[in-house]
Amino acid sequence: MSEKWDGRFLSLATHIANWSKDPSTKVGCVVVGPDREIRSTGFNGFPRGIADTDERLSDRELKYPLICHAEENAIMHAARIGLALKGCTAYVTWPPCTRCARSLIQAGVSEVVIPAGLEIPGR
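For what it's worth, numbering that gives the first Met the number 0 labels the leading residue of the sequence shown as 0, then goes sequentially.
Okay, structure coming up:
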C-alpha cells in the first residue's frame with residue numbers, strides 16, 4: 000500500500016485502540032484486504048460476556064489471563080462472521096507479541112504495519 004493509506008489505516012487503528020477499557024494499555028488493529036477494504040478490527044479487551052469491572056481491569060493477575068489482544072480480537076471477529084484474512088495487511092498500534100504474530104501468520108495475514116518511531120521499552 001502507499002504511505003498515505005498506511006497512515007490512514009494506522010490512524011483508524013489508533014482510534015479503535017481508544018475503545019479499549021484497559022486503563023494501562025490501549026492497542027488497536029485494523030485488518031485490510033488487498034483492495035484496501037477493511038476486513039476486521041479489534042482492540043484489547045475481555046471476551047464477550049466477561050464484565051469490564053474496575054477490579055478486573057486494575058488487577059493484572061485477574062486481567063492478563065482473560066484479556067484478548069487487539070490482533071486476536073480482529074482475527075476472531077473475522078472468523079466469527081466468516082471472513083478470510085489470507086493476503087491481508089494488519090495495521091497495529093503496537094508491535095504484536097509472539098503469540099499474536101503467530102496467530103496473524105496462521106490466519107494468512109501477509110504483512111504487519113506498525114507506527115514508525117515507536118519508543119518500545121525493554122520487556
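Glycine residues also receive a C-beta, built at the ideal position from the N, C-alpha and C atoms.
Start and end residues, alpha helix (DSSP H) containing residue i
i	result
residue 57	53 to 57
residue 97	97 to 106
residue 110	Where residue 110 is concerned, there is no enclosing alpha helix (DSSP H), although the beta strand (DSSP E) it sits in stretches over 110 to 112.
Cβ shell of residue i (< 7 Å), same chain only, five flanking positions each side left out
i	result
residue 17	25
residue 15	27, 29, 40 and 42
residue 20	44, 51 and 56
residue 13	27 and 92
residue 49	65
CB contact check: residue i to chain C, cutoff 9 Å
i	result
residue 5	Looking at the structure shown, chain C is missing, and only one protein chain is on hand.
Beta-carbon proximity of residue i to residue j, cut-off 9 Å
i	j	result
residue 74	residue 84	yes
residue 37	residue 11	yes
residue 71	residue 98	yes
Sequence-distant residues of its chain with Cβ nearer than 6 Å to residue i (five each side left out)
i	result
residue 113	91 and 94
residue 69	26, 27, 28, 41, 42 and 43
Nearest-angstrom Cβ-Cβ length linking residue i and residue j, presumed shorter than 8 Å
i	j	result
residue 111	residue 89	5 Å
residue 87	residue 32	5 Å
Pairwise C-alpha distance: residue j and residue i
i	j	result
residue 104	residue 116	24 Å
residue 106	residue 58	31 Å
residue 23	residue 109	29 Å
Chain-order list of residues whose beta-carbon lies under 8 Å from that of residue i (same chain, five-residue window excluded)
i	result
residue 5	90 and 112
Where the beta strand (DSSP E) through residue i begins and ends
i	result
residue 37	37 to 42
residue 27	27 to 31
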